[in-house]
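Scroll down for the structure; my scribbles are underneath it.
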Amino acid sequence: MELNEIYTEIITEHSTSARNRRHLEQASISLAGKNPSCGDEIELELLIEHGRITDASFTGAGCAISQASTSMMIDLIKGKSLSEAKYLAELFTGMIQRKITNDQDLEPLEEAAALKSISNLPARVKCAAMPWHTLETAVSKNDTP
Numbered sequence: 026m027e028l029n030e031i032y033t034e035i036i037t038e039h040s041t042s043a044r045n046r047r048h049l050e051q052a053s054i055s056l057a058g059k060n061p062s063c064g065d066e067i068e069l070e071l072l073i074e075h076g077r078i079t080d081a082s083f084t085g086a087g088c089a090i091s092q093a094s095t096s097m098m099i100d101l102i103k104g105k106s107l108s109e110a111k112y113l114a115e116l117f118t119g120m121i122q123r124k125i126t127n128d129q130d131l132e133p134l135e136e137a138a139a140l141k142s143i144s145n146l147p148a149r150v151k152c153a154a155m156p157w158h159t160l161e162t163a164v165s166k167n168d169t170p
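In terms of our numbering, the sequence shown is residues 26 to 170.
Right, here's the structure in full:
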């Protein structure tokens, strides 16, 4: 199996999976994310305890890229501190904008690094980046020193 096939499989699996797609009853933060250019929408919900994201989920609809990106992000941020989540969002944004291209530098993104090739599809960049921008906004509004 070629690398592109593996990436396609990861994106397909995340875009159709229900494991992160649910309403979080006791969310500390709930923030809407939208991509007005194509209609992707999510509601990102985070449960924060002692400065850590102990649970996260989303609801919404959109293309496979936006839904996969959101699911991958949630898998990655669970258990992380707010500052770690913010760093990961900045790293993802740098990757998708082609500012960070070294695969070794992108290792902290784990499966989300599979979306690196989306940077070659300008119309899809906003789809992949939308949940990460939503996360950055949520964390910035709720980051405590």
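Glycine included, each C-beta is placed from N, C-alpha and C at the ideal position.
Original post:
Distance, Cα to Cα, Leu72 vs Ala139?
Top reply: 26 Å
Original post:
Asp100 lies in the alpha helix (DSSP H); which residues open and close that run?
Top reply: 89–102
Original post:
Rounded to whole angstroms, how far is the Cβ of Ser62 from the Cβ of Pro156, which I believe are closer than 8 Å?
Top reply: Going by Cβ atoms, the distance from Ser62 to Pro156 rounds to 15 Å, so no, they are not a contact pair.
**OP:** Report all residues from its chain with a CB closer than 6 Å to the CB of Arg47; omit the five preceding and five following residues, and keep chain order.
**Re:** Ser82
Original post:
At what residues does the alpha helix (DSSP H) containing Lys111 begin and finish?
Top reply: 107–121
Subject >> Euclidean distance between Cα positions of Gly112 and Gln129 >> reply: The residue you asked about is not Gly; residue 112 is Tyr in the sequence shown. Between Tyr112 and Gln129, the C-alpha separation is close to 16 Å.
Original post:
Does the distance from the CB of Lys105 to the CB of Met120 come in under 8 Å?
Top reply: no
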